[in-house]
Amino acid sequence: MAFQVLRALTPARIIVVDRSDLALSLARELGAEHLVKASNTAAQEVLDLTQGKGAEVVLDFVGEGGSIEQGLAMTRNAGFYFFFGYGGTVQVPAIDLIFGEKNIIGNLVGTYADLVELMTLAGEGKVHLATTYYPLNQINQAISDLHHGRIKGRAVIIP
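Sequential numbering from 1 applies to the sequence shown in the UniProt record's numbering.
Here is the structure:
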């Protein structure tokens with residue numbers, strides 16, 4: 001959903017990076033312009049898409065498993081790297097931040113005004129939340145689907 005909000009608010013070129021083919025497929029369905037499979041070459045692919053400059057802004061919703069290192073590597077000099085994930089540890093050589101003038105910003109949630117703006121965008125049909133619903137008696141299936149990466153978007157358990 002984040003790239004849908006970005007697309008609604010800015011004319012910027014948006015590159016979606018994800019390790020899940022299903023998530024990338026959903027991003028494509030929802031209008032993503034560029035898709036990159038998360039791997040040890042993802043940063044280079046983003047650099048290639050940006051003529052070697054890197055992304056001006058990187059939004060990392062994982063924050064672990066190499067995403068921080070890859071995210072910073074694909075952030076351009078004087079760019080901004082935001083991470084929202086709860087995992088991982090940020091260990092960056094200070095010299096890389098100083099010479100690259102990169103900004104690292106951690107976020108937990110938005111403001112009430114952000115929520116109002118998001119609801120307005122959803123009401124206008126500019127963002128769509130992909131949701132898979134499971135009745136409570138299928139909770140084991142939901143957990144299995146989540147574990148195996150078969151959920152497109154978010155899963156909701158209905159009591």
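C-beta atoms are modelled at their ideal positions from N, C-alpha and C, and glycine is treated no differently.
For the pair Arg76 and Ser144, the Cα-to-Cα distance works out to about 38 angstroms. Along the length of the UniProt domain "Alcohol dehydrogenase-like C-terminal" (1-121), whole beta strand (DSSP E) runs at least 3 residues long occupy 15-18, 34-37, 55-60, 75-83, 103-106, reported in chain order.
For Ala130, there is no enclosing alpha helix (DSSP H), as DSSP marks it with neither H nor E. Listed as beta-bridge partners of Ile158 by DSSP are Pro135. When the Cα atoms are used, Gly106 and Val90 turn out to be separated by approximately 10 angstroms. Sorting Asp48, Asp18, Tyr86, Val46 by C-alpha distance to the C-alpha of Gly153 places Asp18 at the top.
Between Ile139 and Ile157, the CB-CB gap stays under 7 angstroms. With a cutoff of 7 angstroms on beta-carbon distance, Leu49 and Ile15 are scored as near each other.
By the 16-neighbour rule on beta-carbons within 10 angstroms, Ser39 is exposed. Here the alpha carbons of Val109 and Gly87 stand approximately 15 angstroms from one another.
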